[in-house]
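Residue numbers (the working numbering): 63 to 239. Below is one structure, written out as structure tokens; the observations come after it.
The following block contains the structure:
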């Protein structure tokens with residue numbers, strides 16, 4: 063997912079929150095990497111950080127739940143290992159959902175939203191699909207760098223761009239693999 067400097071911030075953040083954290087990130091089309099182009103990165107990361115911490119992680123039976131638990135104990139461990147890997151690789155962990163506990167569900171497979179900034183393409187959290195509520199932000203200076211990242215990533219069931227520039231949107235749709 064590419065975010066251009068002219069993107070509408072509210073619409074962008076709302077879309078990213080749903081795409082990254084909906085279904086606890088356990089779906090094929092979940093977004094795990096945002097590529098922030100140019101000077102939008104700080105504002106984007108701050109807004110995602112704030113909004114992600116407002117999500118209600120609850121049992122799936124609770125009508126107020128924004129996110130439920132992960133599918134299994136093993137998968138919870140795997141997602142936590144990815145987060146630890148990101149920390150060890152030097153990404154900046156801004157929101158850490160690993161110690162999320164719900165009273166009465168202490169043995170559940172709950173994890174809160176997690177957000178990394180300053181991720182690069184050599185990190186495991188960038189290279190692999192996590193299938194959990196973990197979002198990585200990669201900062202690039204130019205649109206061309208963003209397109210190169212998208213086209214060279216081994217996974218890519220889908221790609222999208224947030225922009226108000228029709229030319230950039232058309233170029234994206236015809237030049238992204």
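Here a beta-carbon is modelled for each residue, glycine too, at the ideal position from N, C-alpha and C. These numbers were taken from a predicted model, which means no experiment stands behind them.
Same chain, Cβ closer than 7 Å to residue i, five either side skipped, listed in chain order
{"i": "residue 237", "result": "209"}
{"i": "residue 147", "result": "186, 187"}
{"i": "residue 91", "result": "219, 220"}
Own chain, CB closer than 6 Å to residue i, minus 5 neighbours either side, in chain order
{"i": "residue 81", "result": "93"}
{"i": "residue 122", "result": "130"}
{"i": "residue 189", "result": "none"}
{"i": "residue 234", "result": "223"}
Residue i vs residue j beta-carbon contact at 8 Å
{"i": "residue 197", "j": "residue 110", "result": "yes"}
{"i": "residue 163", "j": "residue 179", "result": "no"}
{"i": "residue 259", "j": "residue 118", "result": "As shown, the chain starts at 63 and ends at 239. That puts residue 259 outside it, with no answer to give."}
{"i": "residue 200", "j": "residue 97", "result": "yes"}
{"i": "residue 227", "j": "residue 76", "result": "no"}
{"i": "residue 173", "j": "residue 195", "result": "yes"}
{"i": "residue 151", "j": "residue 186", "result": "yes"}
{"i": "residue 157", "j": "residue 138", "result": "no"}
{"i": "residue 192", "j": "residue 141", "result": "yes"}
{"i": "residue 175", "j": "residue 114", "result": "yes"}
Bridge-paired residues (DSSP) for residue i
{"i": "residue 186", "result": "According to DSSP, residue 186 bridges with nothing at all."}
{"i": "residue 199", "result": "96"}
{"i": "residue 224", "result": "65"}
{"i": "residue 178", "result": "155, 198"}
Same chain, Cβ closer than 8 Å to residue i, neighbours up to 5 away in sequence not counted
{"i": "residue 99", "result": "64, 65, 66, 67, 202, 203, 204, 205, 207, 208"}
{"i": "residue 231", "result": "223, 225"}
{"i": "residue 133", "result": "88, 171"}
{"i": "residue 149", "result": "155"}
Item checked: Whole alpha helix (DSSP H) elements within the segment 92-138, 4-residue minimum -> Runs of the alpha helix (DSSP H) spanning 4 or more residues and lying entirely within the segment 92-138 occur at 103-114, in chain order.
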